[in-house]
Ligand code: B16
Ligand code: MG
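In the numbering used here, the protein residues as written are 43 to 258.
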């Protein structure tokens with residue numbers, strides 16, 4: 043019997059991967075590195091600095107920048123990304139998300155956000171769903187990013203549950219791996235790339251019923 047839900051944000055609640063891609067592509071172009079939409083899949087669920095490191099390695103420039111310079115590059119990307127987020131509205135929620143969160147609330151199931159994004163509180167405000175969540179794990183408090191299970195263990199703690207008592211929702215392989223490593227039941231939300239190791243995989247949350255999931 044499950045008692046709580048732990049949600050990834052980008053790719054599960056809303057699709058901001060396209061904005062991350064635009065902002066990273068611009069930044070990469072500006073330093074002479076070419077990335078494409080397929081490479082972008084490797085950045086999903088990965089923290090801002092780890093994403094920059096992957097881009098620099100991809101371009102063979104991993105030893106060309108000091109830590110301060112890398113921080114400046116990451117800040118530049120984030121400023122552009124936040125500009126692209128300004129027009130987000132509730133219409134940008136992925137299909138079935140609002141209904142699913144309302145059904146969870148009606149069933150008194152606590153919901154937590156476990157996102158690598160430091161912009162999560164701002165994005166949830168824009169989508170007008172901040173009130174649907176009982177907690178947001180602050181990614182700045184983590185010692186390791188996904189696929190480490192730390193963020194999911196902290197998410198369960200935030201609603202006084204053991205990971206085994208919660209269901210985690212993820213769109214990225216790094217996230218599914220983190221959920222499973224924490225001991226949580228994993229729902230993979232798949233847009234295009236296959237997800238390995240999830241307990242169930244759906245295309246949209248409309249395919250799920252809260253009471254059925256609680257029986258898992
Ligand atoms: P920020 P998630 C992740 O969100 C994104 O998938 C990933 O592409 C991004 O680099 C990361 O957040 C950090 O985001 O730069 O806004 O702090 O999928 O864990 O909700
Ligand atoms: Mg995601």
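Just so you know, even glycine gets a beta-carbon here, dropped at the ideal spot from N, CA and C.
For this session: Keeping to the same chain, check which residues put their C-beta closer than 7 Å to that of residue 221; ignore five residues upstream and five downstream.
Result: Excluding sequence neighbours, residue 221 sits near 194, 210, 212, 228.
Exercise. Taking contact to mean at least 3 C-beta pairs separated by less than 8 Å, is the segment 69–78 in contact with the segment 114–128?
Worked result: yes
Exercise. Quick check: the segment 133–146 against the segment 235–243, are there 3 or more CB pairs under 8 Å?
Worked result: no
Exercise. Closest by CA to residue 144, which one among 174, 131, 107?
Worked result: 174
For this session: Could you spell out where the alpha helix (DSSP H) holding residue 81 opens and where it closes?
Result: 79–82
Exercise. Helix, strand or coil: which one does DSSP assign to residue 133?
Worked result: helix
Exercise. Whole alpha helix (DSSP H) runs in the segment 184–254 with 4 or more residues, listed along the chain?
Worked result: 192–200, 215–224
For this session: Give the single residue among 95, 130, 99 whose Cα lies nearest to the Cα of residue 57.
Result: Residue nearest to residue 57 within the set 95, 130, 99 is 130 (criterion: CA-CA distance).
Exercise. Which ranges would you report for the alpha helix (DSSP H) in the segment 102–153 if only whole runs of at least 4 residues count?
Worked result: 109–127, 139–148
For this session: Have a look at 86, 206, 168 and flag the residue whose alpha-carbon is nearest the alpha-carbon of residue 233.
Result: 86
For this session: Classify residue 48 as helix, strand or coil using the three-state DSSP reduction.
Result: strand
Problem set entry | Top-ranked residue by Cα proximity to residue 149, from 252, 65, 182, 79 | 252
For this session: Quick one: residues in its chain with C-beta nearer than 7 Å to the C-beta of residue 123, no 5 flanking neighbours on either side, listed in chain order?
Result: Within the same chain, Cβ atoms closer than 7 Å to the Cβ of residue 123 are found at 61, 62, 65, the five residues on either side in sequence being excluded.
Exercise. Quick one: is the Cβ of residue 234 within less than 7 Å of any heavy atom of ligand 1?
Worked result: no
For this session: Check each residue's C-beta against every heavy atom of ligand 1 and list, in chain order, those closer than 5 Å.
Result: 50, 51, 52, 62, 85, 86, 87, 90, 93, 157, 158, 159, 160, 161
Problem set entry | Proximal residues to residue 223 (C-beta, below 6 Å), its chain only, five neighbours per side dropped | 191
Exercise. By a C-beta neighbour count over all protein chains shown, 10 Å radius and 16 as the cutoff for buried, is residue 79 buried or exposed?
Worked result: exposed
Exercise. Based on the DSSP secondary-structure assignment, which residues constitute the bridge partners of residue 178?
Worked result: 155
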